[in-house]
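J.:
2 protein chains.
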Amino acid sequence: MRRGGSVAKRPVRGFGGVALLPTAYDVATHAGVSQSAVSRAFTEGASIAPATRDRVLKAAAELGYRPNLIARSLITRQSRTIGVVVGYLENQFYPQLLQALSHAFQAEGYRLLLFTSPPGSGDPVVADMLSYRVDAVILASVMLSSHLAEECRAAGIPVLLLNRKTDSPTVSSVTGDNEGGGRAIANYLLAMGHRRFGYVAGLESSSTSRDREAAYRAVLEPQGFGVARAVGHYDHMGAKIATRALLASGQAPDAIFYANDHMAMAGLEVARFEFGLVPGRDLSIVGFDNVGAAAWSSFDLTTYSQPIDHMVSMVVGATLDQISHPQAEPVRAVVEGGLIIRASTRAPAGAPAGAPAGAPAGGPAARG
Amino acid sequence: MRRGGSVAKRPVRGFGGVALLPTAYDVATHAGVSQSAVSRAFTEGASIAPATRDRVLKAAAELGYRPNLIARSLITRQSRTIGVVVGYLENQFYPQLLQALSHAFQAEGYRLLLFTSPPGSGDPVVADMLSYRVDAVILASVMLSSHLAEECRAAGIPVLLLNRKTDSPTVSSVTGDNEGGGRAIANYLLAMGHRRFGYVAGLESSSTSRDREAAYRAVLEPQGFGVARAVGHYDHMGAKIATRALLASGQAPDAIFYANDHMAMAGLEVARFEFGLVPGRDLSIVGFDNVGAAAWSSFDLTTYSQPIDHMVSMVVGATLDQISHPQAEPVRAVVEGGLIIRASTRAPAGAPAGAPAGAPAGGPAARG
DNA sequence: TTGAAAGCGCTACCAG
DNA sequence: CTGGTAGCGCTTTCAA
Chain A
1 MRRGGSVAKR PVRGFGGVAL LPTAYDVATH AGVSQSAVSR AFTEGASIAP
51 ATRDRVLKAA AELGYRPNLI ARSLITRQSR TIGVVVGYLE NQFYPQLLQA
101 LSHAFQAEGY RLLLFTSPPG SGDPVVADML SYRVDAVILA SVMLSSHLAE
151 ECRAAGIPVL LLNRKTDSPT VSSVTGDNEG GGRAIANYLL AMGHRRFGYV
201 AGLESSSTSR DREAAYRAVL EPQGFGVARA VGHYDHMGAK IATRALLASG
251 QAPDAIFYAN DHMAMAGLEV ARFEFGLVPG RDLSIVGFDN VGAAAWSSFD
301 LTTYSQPIDH MVSMVVGATL DQISHPQAEP VRAVVEGGLI IRASTRAPAG
351 APAGAPAGAP AGGPAARG
Chain B
1 MRRGGSVAKR PVRGFGGVAL LPTAYDVATH AGVSQSAVSR AFTEGASIAP
51 ATRDRVLKAA AELGYRPNLI ARSLITRQSR TIGVVVGYLE NQFYPQLLQA
101 LSHAFQAEGY RLLLFTSPPG SGDPVVADML SYRVDAVILA SVMLSSHLAE
151 ECRAAGIPVL LLNRKTDSPT VSSVTGDNEG GGRAIANYLL AMGHRRFGYV
201 AGLESSSTSR DREAAYRAVL EPQGFGVARA VGHYDHMGAK IATRALLASG
251 QAPDAIFYAN DHMAMAGLEV ARFEFGLVPG RDLSIVGFDN VGAAAWSSFD
301 LTTYSQPIDH MVSMVVGATL DQISHPQAEP VRAVVEGGLI IRASTRAPAG
351 APAGAPAGAP AGGPAARG
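Sequences listed follow chains A and B, in order. The numbering of the first sequence is full-length UniProt numbering, which starts it at 1 and goes up by one. The numbering of the second sequence is full-length UniProt numbering, which starts it at 1 and goes up by one.
#1: If you pair each beta-carbon of the segment 166-175 of chain A with each one of the segment 185-203 of chain A, do three or more pairs fall below 8 Å?
#2: Could you tell me the alpha carbon to alpha carbon distance between A155 of chain A and V316 of chain A, rounded to whole angstroms?
#3: May I have a chain-ordered list of the beta strand (DSSP E) segments no shorter than 3 residues that lie completely inside the segment 39-107 of chain A?
#4: Looking at C-alpha atoms only, which residue of B:A215, B:L160, B:T29 is the closest neighbour of N178 of chain B?
#5: Under 9 Å, Cβ to Cβ, is there at least one residue of chain A near H233 of chain B?
#6: Determine, using beta carbons only, whether G292 of chain B comes closer than 9 Å to chain A.
#7: If we count Cβ pairs, one from each stretch, closer than 8 Å, do we get three or more for the segment 236-245 of chain B versus the segment 296-313 of chain B?
#8: How many whole angstroms separate the CB atoms of V33 of chain A and T52 of chain A, which I take to be in contact at a CB cut-off of 8 Å?
#9: Ignore the nearest five residues each way along the sequence and tell me which others in I323 of chain A's own chain have a CB closer than 7 Å to its CB.
#10: Q223 of chain B and L190 of chain B - do their beta-carbons sit closer together than 9 Å?
#11: Using a Cβ-Cβ distance cut-off of 9 Å, determine whether T23 of chain B contacts chain A.
#12: What residue does the alpha helix (DSSP H) around G267 of chain A start on, and which one ends it?
#13: Do you know whose CA, among A:R229, A:Q251, A:A100, A:G87, lies nearest A259 of chain A's CA?
#14: Could you name each continuous alpha helix (DSSP H) segment of 4 residues or more that falls completely within the segment 170-244 of chain A, going from the start of the chain to the end?
#15: Given this structure, state the Cα-to-Cα distance separating P326 of chain B from V219 of chain B, to the nearest angstrom.
#16: So, is the C-beta of E108 of chain B closer than 9 Å to a C-beta in chain A?
#17: Which one of B:G337, B:G338, B:A140, B:D321 has the shortest CA to CA distance from P330 of chain B?
#18: Are the C-beta of R111 of chain B and some C-beta of chain A separated by less than 9 Å?
#19: Going by alpha carbons, who is nearest to A41 of chain A out of A:V286, A:L20, A:R66?
#20: How about Y88 of chain A: is its C-beta nearer than 9 Å to some C-beta of chain B?
#21: Counting beta carbon pairs with one atom in the segment 265-277 of chain B and one in the segment 57-64 of chain B, are three or more of them shorter than 8 Å?
#22: May I ask you to report which of helix, strand or coil DSSP gives G156 of chain B?
#23: Along chain A, in chain order, which residues have C-beta atoms closer than 7 Å to that of F275 of chain B?
#24: Of the residues that make up the segment 298-328 of chain A, which ones have a beta carbon closer than 8 Å to any beta carbon in chain B?
#25: Below 6 Å CB to CB, which residues in the same chain sit around R332 of chain B once its five sequence neighbours on both sides are set aside?
#26: In angstroms, rounded to a whole number, what distance separates the CA positions of V200 of chain A and A264 of chain A?
#27: Can you find a CB in chain B that lies within less than 9 Å of the CB of N68 of chain A?
#28: Note the first and the last residue of the continuous beta strand (DSSP E) segment covering Y304 of chain A.
#29: My understanding is that T76 of chain B touches Y110 of chain B, with C-beta atoms under 8 Å, so please give their C-beta distance in whole angstroms.
#30: Hey, out of B:R342, B:E336, B:I308, whose CA is closest to A104 of chain B's CA?
#31: Nearest to H262 of chain A by alpha carbon, out of A:A294, A:R281, A:D282, A:L283?
#32: Specify the secondary structure class of F115 of chain B as computed by DSSP and reduced to three states.
#33: Can you tell which of B:E90, B:Q92, B:S73 has the C-alpha that lies nearest to the C-alpha of S131 of chain A?
#34: Determine contact between the segment 91-103 of chain A and the segment 87-94 of chain B, defined as no fewer than three beta-carbon pairs at a distance below 8 Å.
#35: If G337 of chain A sits next to Q306 of chain A, beta carbons under 8 Å apart, how far is it from one beta carbon to the other, in whole angstroms?
#36: Going by alpha carbons, who is nearest to V231 of chain A out of A:Q251, A:I256, A:S117?
If you want it as structure tokens, here you go:
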């Protein structure tokens, strides 16, 4: 006997005074069918007569019933929940990514369980994603300890890295085209006549920053050009400090590539407001990501785009694949972007610095 | 008999080839205790002998066992999950809020289930938070249909509005001090000698925008000053268009208050780059929120702060209260901010426009 | 302090 | 197509 057995129009109040939601059992009684029938009525493609179904749905609506996804998860062993770990949301790229991820997964019937890694605490907080039985884990811009990766693997939970790579062969990753971007930027700056180059790294530990820098140098150094270098820690203030160091040096670079737009915007401000330089005339500043604010007139930043929608659709696809085929090979996708030329870089002789922005070149592509 | 009855060192592989995680039952067998004992070992303050507990924990570690929170939720009727609905993350205020919320709730042992409302689709997506049995719902910057609010109430799920109010007496809310901010801004602009005022609203439907405007007008209009007005739709481009309309008019305002920083930054760009005006000299521009970028040198924006940490700790406290005392009165907290004076507003005669930024005045406070 | 047993609300498998 | 029945993995009585 359940709760005194009576069926109420509205959620029954339990003995503690807390509201109890109606269950499939209540609906069944109300509709005069079995509890199984109620389950079927709410299961896509289940074998149930339309009439029965309608009767159940009507009863459910009257009682304000909704299937309890917790109970469903317990038996289906699918929580329809994706654990997402993001680091810092200051860099606009990540909120944009998060929003796109959320929409894309919602469209597939999944929800995001959000985990932010507070400064110090790495794994411990993240680790209990496993207790929540998320169907997959997506790590955007966070260190993944190999221990956690191993635990996820052991638990059969797919791990996907977004905008980050790892050496571990068991985890999939989706990144922008760091190599292509670094090369494109170097070539473009060379073509614009620059000869003194700088690079502001994100974090030394970041594969993303390293890959961009390596590709940039791979173009410049063979031609005999050195690259002045500073570390901006992916941070607004850090990038300002790095820029000051670069610009205050004897042979200050007149072309600086930043590991991302977030830092490039900070650098541009230092050049403009502290050194009185005009970006696009006295020096060129280039970022990476093409975040929304890069297009604002305060920055008008030349950058290499990371097409968020493509990256997200790629990672969603890979995630769903990994969920349905746990033994599938991990994916390592590189999504091409394109050089977006704006006013922060020197224009070719004869053209005004503030020339119209170029369209992104190239589309998405997966590469081995 | 479970799964053939054998206990493995590592997660057993089920028949479908999918990894099955060890259960409390497996751990019990391995440790030579009952399954109840395993449960107790993982329950804070349960009655269990230290020796037993250690034995269980050791066995659990060997098997890689983690309690299944889904199963726990089913019986405790607490998912330890908070549903958070955010609208658009372009405005940096919301990522900041989200990050702070996430950290604060994580510290209390709760996780955030993220729901973003795709343009168009309002309730439907959000509605299945109820199916996920979230312990509470926090709505930041999203319309709450009274229908959904009612459903939550019926389900006994507390609803909290963050940075937004409603007329419904059953939902709690935590907002910044829109009235105090609007007044402070008006008084400050008056004191700086402005006589032609403008306001750029967010959305007409937004209580936040309306409250700020009303307070602003309540100071200005009794003194005989009108307020030119445009709607920026809380959007970068919308704010630019609104600003153009204001500045192109015959009697253009020389002091414009924007419903938030996100729009104020756009407006400042229009004034500076399209109208050749120098903010802080030719006109004053004021925002609301004090987002991170407001302090960047490109904007150096005078604004009224919404102290995120205080708002978040307030909403977390209220949420936990509502969860543990479902019949508690809804909270309506207003968190005071302070006027942050930067270079985007005209300085008093004699002082340079780019005077050092002032410190926020006043601290947090809850008011009825 | 401990183990056995009874569910939480649901899905999935049976017969019918 | 339908109703019964057996669990999913856990917490929580209840006796011992």
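Ideal placement from N, C-alpha and C gives every residue a C-beta, glycine not left out.
T.: Answer, in terms of the structure:
#1: No, because fewer than three Cβ pairs between the segment 166-175 of chain A and the segment 185-203 of chain A fall closer than 8 Å, the two stretches do not touch.
#2: Rounded to whole angstroms, A155 of chain A to V316 of chain A spans 20 Å at the Cα level.
#3: Within the segment 39-107 of chain A, the runs of beta strand (DSSP E) that reach at least 3 residues and sit entirely inside it are, in chain order, 81-86.
#4: When B:A215, B:L160, B:T29 are compared, the shortest CA-CA separation from N178 of chain B is found for B:A215.
#5: Judged by the 9 Å Cβ criterion, H233 of chain B is not in contact with chain A.
#6: Put simply, the CB of G292 of chain B is near chain A, with a gap under 9 Å to one of its CB atoms.
#7: Too few Cβ pairs lie closer than 8 Å, so no.
#8: The C-beta distance from V33 of chain A to T52 of chain A rounds to 6 Å, short enough to meet the 8 Å contact threshold.
#9: Here I323 of chain A has D135, A136, P158 as same chain residues with Cβ atoms under 7 Å from its own Cβ, once five neighbours each way along the sequence are excluded.
#10: The Cβ atoms of L190 of chain B and Q223 of chain B sit closer than 9 Å to each other.
#11: Closer than 9 Å to the CB of T23 of chain B there is not a single CB belonging to chain A.
#12: First-last of the alpha helix (DSSP H) with G267 of chain A: 261-269.
#13: Cα-wise, what sits closest to A259 of chain A is A:R229.
#14: Those alpha helix (DSSP H) runs which fall completely within the segment 170-244 of chain A and span 4+ residues are 178-191, 207-220.
#15: About 40 Å.
#16: Not an interface residue.
#17: With distances taken between Cα atoms, P330 of chain B lies closest to B:D321.
#18: Chain A contact via Cβ: present.
#19: Looking at A:V286, A:L20, A:R66, the one whose alpha-carbon comes closest to that of A41 of chain A is A:R66.
#20: Among the CB atoms of chain B, one or more fall inside 9 Å of the CB of Y88 of chain A.
#21: Cβ pair count under 8 Å is below three, so no.
#22: Shown here, G156 of chain B sits in coil according to DSSP, grouped into three states, outside any helix or strand.
#23: Those within 7 Å of F275 of chain B in chain A number zero; the least Cβ separation is about 12 Å.
#24: Considering only beta carbons, the part of the segment 298-328 of chain A lying closer than 8 Å to chain B consists of S298, F299, P326, Q327, in chain order.
#25: Within the same chain, R332 of chain B has close Cβ partners S173.
#26: Whole-angstrom Cα-Cα distance: 8 Å.
#27: Yes, its Cβ sits closer than 9 Å to a Cβ of chain B.
#28: From DSSP, the beta strand (DSSP E) with Y304 of chain A extends over 302-305.
#29: That belief does not hold up - the Cβ atoms of T76 of chain B and Y110 of chain B are roughly 13 Å apart, past 8 Å.
#30: A104 of chain B has its Cα closest to that of B:I308, out of B:R342, B:E336, B:I308.
#31: Closest by alpha carbon: A:A294.
#32: DSSP places F115 of chain B in strand when its eight states are reduced to three.
#33: Ranking B:E90, B:Q92, B:S73 by Cα distance to S131 of chain A puts B:S73 first.
#34: Touching, yes, given that three or more Cβ pairs across the two stretches are closer than 8 Å.
#35: Q306 of chain A and G337 of chain A do touch by the CB rule: their CB atoms are close to 5 Å apart, below 8 Å.
#36: The option with the nearest alpha carbon to V231 of chain A is A:I256.
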